[in-house]
Each structure stands twice: as structure tokens, then as C-alpha cells.
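Numbering (full-length UniProt numbering), first residue to last: 1 to 502.
Input: a single structure, listed below in C-alpha cells.
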């Protein structure tokens with residue numbers, strides 16, 4: 001009689017990540033490693049129903065655990081985490097090399113130790129003496145802060161059992177390896193096993209665990225995607241190398257919102273939380289300067305005022321330059337086209353340079369109005385008032401469009417002492433925010449009129465063509481009506497001194 005039993009099919013398994021396939025291939029389809037697939041038996045088996053650990057209950061009868069977050073001692077980090085460090089939580093902090101991950105976590109560890117809570121900092125990238133020297137520099141030495149330099153998972157678990165910490169920091173998860181797992185440290189299978197073991201320990205011992213993660217050259221978190229699924233919180237640590245500002249964003253957070261941002265100042269003395277970071281993006285000059293305008297960007301839920309600076313100069317080349325820093329170059333090209341087509345500002349033979357103060361990055365379109373005003377101001381040599389802020393998106397037909405969180409942006413400008421806000425028409429905002437007056441503008445041409453830039457351009461052209469000055473412009477000139485204006489300024493630029501320092 002013929003054997004009708006099912007034949008066990010051969011399978012091939014990747015030694016790095018565990019990916020399996022029915023036939024051999026030279027390159028793993030999951031981790032893209034070459035030459036890592038080997039044949040492995042795949043015995044046919046069927047899972048049968050078994051005993052359960054606890055019966056399923058209606059959700060209303062399941063007891064709720066109220067996990068009280070403990071302050072980390074770093075208020076900006078607590079803001080992002082949703083209140084602080086939750087016992088038993090697993091947190092992944094990822095960022096580029098040199099951005100300040102180790103410095104931030106050493107500060108968190110030291111602050112936790114100062115509360116009397118035992119803290120264990122495990123480093124696999126530095127020696128213990130190197131971490132000690134950094135702790136001396138930043139004032140992070142404390143008797144409740146324990147330090148270990150280990151790269152073996154078994155040894156790390158042994159330190160955890162011996163110290164029994166409240167807070168555990170692993171710097172980094174890619175440097176720790178399990179002896180019984182194939183693959184090199186940092187490989188997919190190693191990272192998966194190490195992270196799973198540390199998360200199990202965190203839940204078992206109720207230890208808040210922070211894992212430092214590397215990022216790839218394109219900014220994504222290195223290692224398997226399962227790493228992000230294993231942890232409760234995923235934080236991204238960002239910062240430009242030429243800027244002291246550092247931002248922590250929550251990408252995933254089971255204990256709070258994911259649209260909060262924490263701001264930090266990185267210096268040789270360590271890292272300091274910045275409760276009001278606007279001063280980093282504002283030039284402390286006291287007089288109005290042509291080519292500058294202030295806008296309000298949103299970093300998560302937080303409004304941040306940023307100053308845009310522009311320079312317009314006659315180009316010696318056939319193709320004028322368009323150079324940006326902190327502003328999207330394609331967005332600038334669109335704004336210049338709108339200015340030329342709908343405001344009559346001709347820049348086809350001009351070099352245009354646009355930058356932000358302090359390395360701020362203005363993503364999105366909410367700062368279009370400020371960029372347009374800065375460029376037009378530089379072109380006309382016309383200084384806007386130092387107490388004017390502009391927010392709005394420019395459409396291709398020249399209209400000024402509403403942007404999200406407009407009321408919150410204007411309120412932040414009012415808090416910092418600004419007196420005038422230029423916003424899109426029909427924004428539905430109150431006429432005043434304290435001492436700040438809201439001016440609704442519907443079109444880029446109207447924006448140029450209200451700012452006085454069009455009047456300045458007409459006046460310059462009139463000097464050569466004897467054009468009559470019959471038009472009335474609304475001025476935002478530095479503290480006084482512009483010479484030759486048909487009317488006085490609608491904006492009184494005298495304002496009390498405001499502090500923008502963090």
C-alpha cells in the first residue's frame with residue numbers, strides 16, 4: 001500500500017534574522033544579508049488547544065493597573081513621556097552618533113539616583129572610566145548610580161539581579177550579545193533576542209528600562225522592526241551638528257501622547273532642558289533690519305517662534321542662485337514664483353539666500369508668509385517692524401491660506417510681546433490677543449501692501465518715472481511712518497522689551 005503521509009519539506013533559514021524560505025537564495029529576503037541561509041528541517045506539526053493561564057473576562061471586569069509615572073528629573077523628557085518614567089516600561093531612545101543620547105541618559109540616571117532610587121547604567125560602547133569622566137564633567141556622580149561595562153547578555157542580567165535597580169539604562173542594545181544565539185552583535189537575531197530578554201526582565205522586576213538604539217544612514221532605527229514593537233515607548237533624538245538645540249520626539253508611546261517634543265541645549269557641561277526655546281531661534285537685535293521676518297512653527301504641540309532672514313543681490317551669473325538653510329528649497333522656488341506673478345516683485349535676475357536663525361527647520365507651509373515677507377523686504381530694502389509676526393500658507397494663485405493650530409501660534413506670539421500678527425483672511429480669530437492685534441490678509445498682494453513693501457517699491461520706481469504717489473499703503477515700518485507715505489502706519493511698533501532667552 002502506498003504511503004500517503006505528507007512529506008516533510010526542506011526549508012532554509014537565515015542565521016542572522018531567522019527568515020525562512022522554501023528554496024535556497026543567496027540573499028536573505030528580510031535582512032538583506034548575503035550567504036546566511038542554511039538548510040533546516042521543518043517538521044510538520046499541528047498545534048492543539050491547551051490549558052489557559054486565566055479565563056477570558058469581560059473587559060469591564062478586568063482590574064485596571066494604575067501605573068504612576070515617576071519624574072525623571074528632566075522636565076522636558078517627562079513632557080514627552082507623558083508624565084515621567086513608568087515602572088516596568090521599556091523605552092527605546094534612538095538617534096544619530098554624537099547627538100547626545102549617552103549624555104542625556106547619564107543625566108536622567110544621575111537625577112534618578114539623587115532621589116534615592118538605585119540606578120544601573122550598562123555601557124557596551126565605552127569603558128567605565130570614560131563614562132565616569134563624563135559624569136564628573138556633568139555632575140552626575142552619585143552613590144546610588146551603579147556603572148557596569150558589559151557586552152554579554154548573561155552578565156548584564158547578572159548585574160540586574162545583583163543591583164536590583166529602579167532604572168536600567170543599556171547603552172546600547174546593538175552592542176550586547178547573547179552567547180547562545182547565532183550572529184554577530186548588532187545583527188538582527190542578536191538584537192531581537194537581547195531586546196526580548198531585557199523587556200522580559202523589565203516586566204518581571206518592574207524596572208524602568210531604557211535601551212539606546214543606533215540609526216541607519218537614512219535615519220531609521222537599526223535592527224529588526226520587531227524591536228520597536230517590543231518596547232512601550234520609542235523616542236527619536238534629533239539635532240543638527242552645527243546647532244546646540246536637541247529635540248526628543250515620541251514616535252510611539254503607550255503611556256501618553258505622541259505629538260509632544262522636548263527641547264534641550266547641549267554644551268560641554270552637559271545637556272540642559274529648555275522650557276522656552278524661542279531664544280535659540282531669534283536674533284537679539286534691537287532695531288528693525290530689512291530682510292527679516294518672524295514666523296511661528298509647531299514642533300509637535302509646542303509653538304516655537306523662528307526668525308527668517310533673507311538676502312537678495314544682483315546675480316552675476318545667467319542662472320541666479322537659490323540657497324536655503326532651514327527652509328525647503330522647492331518651497332522657496334514656489335514662493336518666488338508667486339511673488340513675481342501675483343505681487344509684481346521681479347527676482348529673475350537676483351540671487352536669493354534664505355536662512356533661519358539658530359538652525360531652526362521650518363517644515364511644512366505655515367511659514368510661507370514669513371519667507372515671502374523676508375524676501376520682499378530684502379528686495380525693497382524695507383525693514384519690517386520687530387514686533388510683527390506672519391503666519392500662513394501661500395497658494396499658487398497668491399491667496400493666503402489657513403494653517404493648523406493658528407490660534408495657538410498667535411497666542412504664543414502675544415505671550416512673547418509681539419504686537420501685530422499677519423494671518424490668512426477669514427481665520428476666525430479674535431481681533432486681539434491681549435496687546436497683540438490680529439490683521440487678516442487674503443492675498444499676497446495685500447500682504448505686500450499691509451507691510452508697506454509695495455509702497456516702497458512704487459516710491460523707488462516713481463523717483464525715476466515721476467509716478468504720482470496716489471496710493472495709500474498700510475505701513476509696518478520700524479517704529480515710524482515711512483518717509484513719503486500717504487498715510488501714517490496702522491501699526492504702532494513701540495513695544496515693551498520681551499525676553500526670548502531660554
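Note that CB positions come from ideal geometry on N, CA and C, so glycine has one too.
- According to the DSSP assignment, residue 59 belongs to no beta strand (DSSP E), since it is labelled neither H nor E.
- Counting C-beta atoms within 10 angstroms of its own C-beta, residue 318 has fewer than 16 neighbours from the protein chains shown and is therefore classed as exposed.
- Distance from the CA of residue 439 to the CA of residue 136, rounded to the nearest whole angstrom, comes to 53 Å.
- As DSSP reads the structure, residue 95 sits in a beta bridge with 237.
- Per DSSP, the continuous alpha helix (DSSP H) segment holding residue 229 begins and ends at 226 to 230.
- When the five nearest sequence neighbours on each side are left out, the beta carbons in the same chain lying within less than 6 Å of the beta carbon of residue 424 are those of 392, 400, 401, 402, in order along the chain.
- In the three-state reduction of the DSSP assignment, residue 216 falls in the coil class, being assigned neither a helical nor a strand state.
- In the pairwise beta carbon analysis, the segment 298 to 308 is classified as touching the segment 410 to 422: at least three pairs are separated by under 8 Å.
- DSSP lists no bridge partner for residue 165.
- By the C-beta criterion, the segment 256 to 274 is judged not to be in contact with the segment 381 to 396, since fewer than 3 inter-stretch pairs fall below 8 Å.
- Residue 224 sits buried, since 16 or more C-beta atoms from the chains shown fall within 10 Å of its C-beta.
- Looking at the DSSP output, residue 299 shares a beta bridge with 302.
- For residue 23, there is no enclosing beta strand (DSSP E), as DSSP gives it neither H nor E.
- In chain order, 112, 119, 208 place their CB closer than 6 Å to the CB of residue 167, counting only its own chain and leaving out the 5 sequence neighbours on each side.
- The three-state reading of DSSP puts residue 255 in coil, since its state is none of H, G, I, E or B.
- Contact check for residue 445 and residue 342: beta-carbon distance about 6 Å, within the 8 Å limit, so the pair qualifies.
- For residue 377, the enclosing alpha helix (DSSP H) covers residues 368 to 380.
- For residue 189, the enclosing alpha helix (DSSP H) starts and ends at 188 to 205.
- Only residues of its own chain outside the window of five on either side were considered, and among them 90, 230 have a CB closer than 6 Å to the CB of residue 199, listed in chain order.
- The C-alpha of residue 332 lies about 41 Å from the C-alpha of residue 173.
- At a Cβ-Cβ threshold of 8 Å, residue 394 and residue 427 do not count as neighbours.
- Contact check for residue 110 and residue 140: beta-carbon distance about 4 Å, within the 8 Å limit, so the pair qualifies.
- In the three-state scheme derived from DSSP, where H, G and I count as helix and E and B as strand, residue 46 is classed as coil.
- Residue 351 and residue 307 have their C-alpha atoms roughly 20 Å apart.
- Annotation: the continuous alpha helix (DSSP H) that includes residue 408 extends over 406 to 415.
- Taking 4 residues as the shortest admissible run, the segment 94 to 154 contains the following complete alpha helix (DSSP H) segments, listed from N- to C-terminal end: 101 to 114, 128 to 138.
- Per DSSP, reduced to three states, the secondary structure at residue 75 is helical.
- An exposed status is given to residue 349, since fewer than 16 other beta-carbon atoms sit within 10 Å of its beta-carbon.
- Taking 8 Å as the cut-off, the beta carbon of residue 93 is found closer than this to the beta carbon of residue 237.
- Beta-bridge annotation (DSSP): residue 260 is not paired with any residue.
- Listed in chain order, the non-local C-beta contacts of residue 99 below 6 Å within the same chain comprise 237, 239, local neighbours out to five positions each way being set aside.
- In the DSSP assignment, residue 335 falls within the alpha helix (DSSP H) that extends over 329 to 343.
- In the displayed model, residue 458 falls within a helix according to three-state DSSP.
- The residue from 161, 115, 160, 152 with its alpha-carbon nearest to that of residue 143 is 115.
- In the DSSP annotation of this structure, the continuous segment of the alpha helix (DSSP H) that includes residue 446 starts and ends at 444 to 450.
- Setting aside the 5 residues that flank it on each side, residue 433 is surrounded in the same chain by 410, 411, 414, each with a C-beta closer than 6 Å to its C-beta; the list follows chain order.
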